[in-house]
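S.K.: If you're matching positions, the sequence shown starts at 0 in numbering that gives the first Met the number 0 and goes up one per residue.
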Amino acid sequence: MPGAAPDTASLATVEGVVGHGRRLGRELGFPTANLAVGAGLLLEDGVYRSRAEVAGRWYDAMSNLGRNPSVGETERRLETHLFGFSGELYGRRLRVELLERIRGERRFASIEELRAQIARDRDEILKRINENNQ
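1. Between the alpha carbons of residue 93 and residue 21, how many angstroms are there, rounded?
2. Assign residue 77 to one of two classes, buried (16 or more other C-beta atoms within 10 Å of its C-beta) or exposed (fewer than that).
3. Given a cut-off of 8 Å, decide if residue 97 and residue 10 are closer than it, judged by their beta-carbon atoms.
4. Does residue 0 come out as helix, strand or coil in the three-state DSSP assignment?
5. Between which two residues does the alpha helix (DSSP H) harbouring residue 122 extend?
6. I'd like to know whether the C-beta atoms of residue 162 and residue 102 end up nearer to each other than 8 Å.
7. Opposite residue 97 in the DSSP bridges: which residues?
8. Going by CA-CA distance only, name the one from 58, 82 and 67 that's closest to residue 75.
9. Ignore the nearest five residues each way along the sequence and tell me which others in residue 27's own chain have a CB closer than 8 Å to its CB.
10. Can you give the Cα-Cα distance for residue 88 and residue 95, rounded to whole angstroms?
As C-alpha cells, this is what we get:
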C-alpha cells in the first residue's frame, strides 16, 4: 500500500541496506526486508505497525523486531513486510519507521502456528491503517 504519510510520529527509525535472511518470510507468504539492528535501539521486541521508504516512496508495512525464537535465531534484527510492494530489495537502502507496537515477540510451537499468527497480525495492522486513514 503506497502512500503512507511520512508525517506521523514514529517510535523509532531504522535505516540500512537490506540483507539476506533465511527466506522464511517468503515461504510463509510474507516476504520481508531484513535490517541489522544496533544495540542502541531500546524498543521492546515484538510486532509493529510500521511504514517503509524505498527510493523516495512510502509503503505501509508490518515489522518484527527481535530474534525469531520460533526458528532458533539469536541475532536481533528488524524484518519488515511492505504492503503493496513488488520487486527486489536485497542490497537496497531502506528506512523503516516503527509506529505502534501490536504485540510482544513469542515462540510458536510450529511453523503453521507462526504463519497463522502473522496473518492475524497483518489483519490487525491493516485494520489500524484503515482506521487512521479515515
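Idealized CB from N, CA, C, for every residue including glycine. All figures in this text were calculated on a predicted structure; none of them were measured in a lab.
M.R.: Short version:
1. Roughly 19 Å between the two C-alpha positions.
2. Residue 77 is buried by the Cβ-count criterion.
3. Residue 97 is positioned such that its CB atom lies closer than 8 Å to that of residue 10.
4. Note that residue 0 has pLDDT 47, beneath the 50 cutoff, so the model's placement of it is unreliable and the number below is only indicative. Residue 0: coil per DSSP, three-state reduction.
5. 110-131
6. Examination of residue 162 is not possible in this model, given that the chain is present from 0 through 133 alone.
7. 11 and 49
8. 67
9. 110, 113, 114 and 117
10. 13 Å
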